[in-house]
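Everything on this sheet refers to the single structure shown next.
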Amino acid sequence: MTTSLLAAPPATPLAAGEAPTLEAFGLDPWWLILAKAVLIFVFLMLMVLFEIWFERRFMARMQNRLGPNRVGPLGLLQPIADGLKLPLKEDLVPRGVDRPVFILAPALATMPAFLAFAIIPFGPTVSVFGHQTPLQLADLPVAVLFVLAMSSLGVYGIVLGGWASASPYSLLGGLRSSAQVISYEIGMGLSFVAVFLFAGSLSTSEIVASQERIWYAVVLFPSFVIYAITMVGEVNRIPFDLPEGEGELVGGFHTEYSSLKFGMFMLAEYVNMTTVSALAVTLFLGGWRAPWPISLVDGANAGWWPVLWFMIKLLLTISFFIWLRATLPRVRYDQLMKLGWKVLIPGALAWIMVVATIRVLRNEGISTQQVFFAVAIVLGIYIVASYLWDAVRGNRRDAEEQEATAAERAGAGDSTGGDPMAGGYPVPPLDAPHYHGRNSTSKEVNRA
Amino acid sequence: MTPADVVFLFLGAVTLGSAVLVVTTRQLVHAALWLVVTFGALAASYLLLTAEFVAWVQVLIYVGAVVVLLLFGIMLTRAPIGRSEGLDSANRPVAIAVAAATAALLVTVVVAGFREAYVELGDPPAGTSGQMGASIFRTWVLPFEVLSLLLLAALIGAIVLSRREIQPPGESSDERPTERPTGPGRG
Amino acid sequence: MHIVYPAVVAALLFSVGVYGVLARRNAILVLMSVELMLNAVNLNLVAFDVWLGDALRGGQVLTLFVIVIAAAEVGLGLAIVLLVFRNRQTVQIDALRDLADRDAEPAERPEQVSTEIS
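Residue numbers (numbering that gives the first Met the number 0), protein chains in the order written: chain A, 0 to 447; chain B, 0 to 186; chain C, 0 to 117.
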């Protein structure tokens with residue numbers, strides 16, 4: 000449906016190897032669109048299997064272990080064995096859950112992750128059975144906005160799964176994730192703005208095309224850093240995996256899930272990881288374009304070769320996720336929020352101002368380098384100052400709070416009464432199963 | 000009737016049906032879910048009207064942020080799973096009457112005024128990101144800036160509202176409700 | 000496309016919102032109904048903007064502004080609702096009548112103080 004809505008006046012068919020523009024979309028025959036959609040689905044499923052294996056092996060090597068190595072060569076069939084095992088487990092639906100929502104939630108978590116991949120370009124225009132077609136399912140003039148919209152839809156699965164489970168751990172996980180994803184999505188959206196300013200377009204194929212000379216990860220390094228942090232927050236991976244933090248919340252939002260439903264949450268997490276990695280590659284790392292020394296070779300950016308470069312970049316980005324997981328501990332919730340709201344968002348805003356100023360000055364023909372250095376110094380001072388201010392103030396605040404809690408403890412014993420705003424932070428009630436209205440039923444059951 | 004008309008009528012039916020469910024369902028969280036369906040159908044309507052940018056902003060802000068915030072509020076105010084009692088007030092008949100009167104009036108006026116209005120969709124699309132950007136930052140730049148100020152004020156207002164330690168002088172900050180276990184929804 | 004279809008859908012959606020605001024007691028459900036009304040207005044704006052073919056895209060720009068205002072409104076509204084819930088343990092709007100301008104009838108006082116409605 001999206002393709003039919005595109006502005007697609009009949010354009011001249013492109014020669015193979017050319018970077019596609021928006022006009023190249025919406026011209027495919029139906030079987031090609033279908034084949035692309037199926038291929039993307041299969042690709043994502045295979046990527047999930049591979050990622051699970053890769054994550055376990057890679058992390059094992061980092062921790063001086065071997066990792067799974069029994070099923071198949073190098074343990075390659077382990078994820079398939081796991082995948083077969085999961086659906087065969089008993090599918091528990093706890094009593095007292097909101098059944099329709101409980102069943103809907105895993106599907107809601109999975110679908111947007113798959114949808115967002117539709118606009119990721121795998122390569123330039125190639126020839127498939129005589130048809131010139133771009134290696135990309137669809138493109139929109141507002142493609143990146145579409146990705147953002149899809150990633151914001153993904154949070155529903157987590158929030159609703161957490162709520163419908165009628166368990167305090169799940170509820171806490173769901174609440175954490177809703178706040179986290181909204182906060183980090185703002186930072187993520189802001190990190191894209193500089194890319195839009197440079198590319199002059201929101202369509203992924205045109206953003207890739209505009210990185211022919213130099214990657215945006217180099218030109219817009221701060222944006223790239225902000226995106227790299229927010230993408231981890233967006234997919235709930237360590238160090239930002241608070242919605243499911245097993246040390247605190249058992250399993251967070253998926254505590255009560257089992258069998259295939261749990262499998263779908265796992266699937267969603269890994270597909271999401273692939274999607275944000277692919278987006279990082281597309282927006283900041285040159286997309287399917289060959290990295291610098293190779294790009295000098297004639298024909299490196301033509302035909303099917305770009306798929307190889309894309310895959311290499313994608314795997315490197317995914318290894319970055321795994322590296323983070325093997326290295327970093329989970330942050331505390333208030334640290335997460337502080338990072339999101341007090342560092343990433345203001346930083347992104349300041350950086351956008353810098354980029355916009357540089358663009359304007361360049362348009363007016365003023366030498367950009369001096370301006371750039373001056374602005375960079377100002378920005379650096381600002382960031383350092385804000386860090387220091389926050390650190391000093393935070394320490395003072397912590398001391399005050401400690402005093403306050405100590406006094407409180409000395410005064411009244413039961414400070415854990417379940418205040419929804421304990422200590423100034425919104426905390427969901429910890430007696431959730433009771434207020435979920437299941438008190439009466441459990442009493443009845445006891446009586447019976 | 001063109002195909003666009005048929006699709007739009009279908010989307011309109013989905014919009015209205017889920018909107019009615021939002022205001023009649025007895026389960027709080029389900030109301031939020033039907034609201035998502037309403038907003039999604041509206042976004043599809045915007046796509047149909049070739050207002051592409053507005054459609055995705057609708058999905059991004061309304062579906063992605065506003066309803067999630069509402070869900071957040073629902074959960075923090077201890078919504079029960081299953082039916083909650085007393086979601087509708089006693090003036091429901093009056094509300095039905097007022098709503099029916101509003102509907103009758105508006106539909107009559109609109110049908111009388113725009114029965115013949117017809118627009119050919121698609122060529123050129125009405126709301127691409129380029130057009131929208133140009134018109135926001137050229138013609139409508141002053142309202143845009145004012146709006147950013149409004150957003151900032153709302154942001155600060157929300158922060159001030161939800162901080163406990165900011166209180167009028169004379170009140171101690173340790174004042175918190177003590178009869179918590181007798182809150183609503185128990186038993 | 001006939002412009003009367005979106006216009007009628009918007010009018011009906013607005014009425015549904017009116018019903019929700021008047022009939023619902025839960026503050027969050029009232030907020031949702033307000034959102035429905037705002038969306039009805041948005042649909043009108045987009046439809047008539049497309050119909051007019053205005054070069055300034057006034058309708059759609061205004062739609063974006065309304066969306067932004069709605070986001071701000073929900074943020075503030077929820078902050079208020081949560082504050083009320085924190086202090087009163089209820090979000091039933093007809094239980095919150097301390098600011099109502101009424102004749103002080105002594106018989107009604109106890110009913111006001113107890114916030115338990117459900």
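Just so you know, even glycine gets a beta-carbon here, dropped at the ideal spot from N, CA and C.
Item to complete: State buried or exposed for W50/C, treating a residue as buried only when at least 16 other CB atoms are found within 10 Å of its CB.
Response: If you draw a 10 Å sphere on the C-beta of W50/C, you find 16 or more other C-beta atoms in it, and that means buried.
Worksheet item: Based on the DSSP secondary-structure assignment, which residues constitute the bridge partners of Y187/B?
Response: Summary: the structure shown does not reach residue 187/B, with chain B confined to residues 0 through 186, and so no result is reported for it.
Worksheet entry | Where E89/A falls, given that 16 or more other Cβ within 10 Å makes a residue buried | exposed
Fill in: From Q26/B, T101/B, L149/B, residue whose alpha carbon lies closest to that of L21/C
Checking every option, the nearest Cα to that of L21/C belongs to T101/B.
Worksheet item: In terms of residues, what are the limits of the alpha helix (DSSP H) holding P105/A?
Response: Here the alpha helix (DSSP H) through P105/A covers 98-115.
Discussion item. Buried or exposed for A411/A, going by 16 or more other Cβ atoms inside 10 Å?
Written reply: Its pLDDT being 48, under 50, A411/A is placed unreliably by the model, and the measurement read from it follows with that caveat. So A411/A ends up on the exposed side.
Discussion item. Nearest by alpha-carbon distance to L37/C: which of G57/C, V73/C, R24/C is it?
Written reply: V73/C
Worksheet item: What is the rounded straight-line gap between the Cα of P93/A and the Cα of A163/A?
Response: A straight line joining the alpha-carbon of P93/A with that of A163/A spans about 10 angstroms.
Worksheet item: Rounded to a whole number of angstroms, what is the C-alpha to C-alpha distance between W340/A and V70/A?
Response: 45 angstroms
Worksheet item: Is it true that the CB of A193/A sits closer than 8 angstroms to the CB of S222/A?
Response: yes
Discussion item. Looking at chain B, is there any beta carbon in it that lies within less than 8 angstroms of the beta carbon of L174/A?
Written reply: yes
Discussion item. Let me make sure I understand the geometry here. Which of F319/A, P292/A, I321/A, L323/A has the alpha-carbon closest to that of W308/A?
Written reply: P292/A
Practice prompt. Could you name the residues of chain C that W139/B contacts, counting a contact when the two beta carbons are closer than 7 angstroms?
Written response: V60
Discussion item. Tell me the rounded alpha-carbon separation between G417/A and L27/B.
Written reply: Per-residue confidence for G417/A stands at a pLDDT of 47, beneath the threshold of 50, marking its modelled position as unreliable; the derived number appears in the next sentence. Cα-Cα distance, rounded: 22 angstroms.
Worksheet item: Quick one, which residues of the region 71-83 of chain B are near chain A if we go by CB-CB under 7 angstroms, in chain order?
Response: For chain A, the residues of the region 71-83 of chain B that bring a beta carbon within less than 7 angstroms of one of its beta carbons are F71, M74, L75, R77, P79, I80, G81, in chain order.
Discussion item. As an exercise, report each continuous alpha helix (DSSP H) stretch of at least 4 residues that is fully enclosed by the region 219-258 of chain A, in chain order.
Written reply: 220-233, 245-248
Practice prompt. Identify, in the order they occur along the chain, each residue of the same chain with its Cβ nearer than 7 angstroms to the Cβ of G172/A, setting aside the five sequence neighbours on each side.
Written response: Result list for G172/A: G161, P242, E243, L248, G251, F252, in chain order.
Practice prompt. Please confirm if W55/B has its CB atom under 8 angstroms from at least one CB of chain A.
Written response: yes
Worksheet item: Thinking C-beta only, is S202/A closer than 8 angstroms to A279/A?
Response: no
Worksheet item: Smallest Cα separation from A178/A: which of Q62/A, I157/A, L196/A?
Response: I157/A
Practice prompt. Check the C-beta distance from F7/B over to Y4/C and give it rounded, since I have them as a contact under 8 angstroms.
Written response: 5 angstroms
Discussion item. Using only CA atoms, which one of L61/C, D53/C, G57/C lies nearest to L146/B?
Written reply: Checked all of L61/C, D53/C, G57/C; the closest Cα to L146/B is L61/C.
Worksheet item: Are at least three pairs of beta-carbons, each pair with one atom in the region 204-212 of chain A and one in the region 327-343 of chain A, less than 8 angstroms apart?
Response: no
Worksheet item: Which same chain residues, not among the five before or five after A12/B, have their C-beta less than 7 angstroms away from its C-beta?
Response: none
Practice prompt. Would you mind working out which of S126/A, I225/A, Q401/A, I102/A sits nearest V342/A, comparing C-alpha positions?
Written response: Out of S126/A, I225/A, Q401/A, I102/A, I225/A has the C-alpha closest to the C-alpha of V342/A.
Worksheet item: By Cβ distance below 7 angstroms, which residues in the same chain neighbour G188/A in space, the five residues on each side in sequence not counted?
Response: L147
Item to complete: Measuring only between beta-carbons, confirm whether A3/B sits less than 8 angstroms from chain C.
Response: yes
Discussion item. How far does the beta strand (DSSP E) with P123/A in it extend, from its first residue to its last?
Written reply: Element bounds for P123/A: 122-127.
Practice prompt. Compare the C-beta of G346/A with all C-beta atoms of chain B and state if any pair is closer than 8 angstroms.
Written response: no
Worksheet item: Can you name the start and end residues of the alpha helix (DSSP H) that Q59/C belongs to?
Response: 57-87
Practice prompt. Below 8 angstroms CB to CB, which residues in the same chain sit around G194/B once its five sequence neighbours on both sides are set aside?
Written response: In the structure as shown, chain B begins at 0 and stops at 186. Residue 194/B is therefore absent and cannot be evaluated.
Discussion item. Under 9 angstroms, CB to CB, which of the residues in the region 8-20 of chain C have a partner in chain B?
Written reply: V8, A9, A10, L11, L12, F13, S14, V15, G16, V17, Y18, G19, V20
Practice prompt. Kindly indicate if chain A contains any beta-carbon less than 8 angstroms away from that of T127/B.
Written response: yes
Item to complete: Using a threshold of 8 angstroms, state whether the C-beta atoms of A78/C and S88/B are closer than that.
Response: no
Worksheet item: Curious, which full-length alpha helix (DSSP H) runs of at least 4 residues does the region 23-73 of chain B contain?
Response: 27-47, 51-56
Discussion item. Rounded to the nearest angstrom, what separates A122/C and L30/C at their Cα positions?
Written reply: Because chain C here runs from 0 to 117, residue 122/C falls outside it and cannot be looked at.
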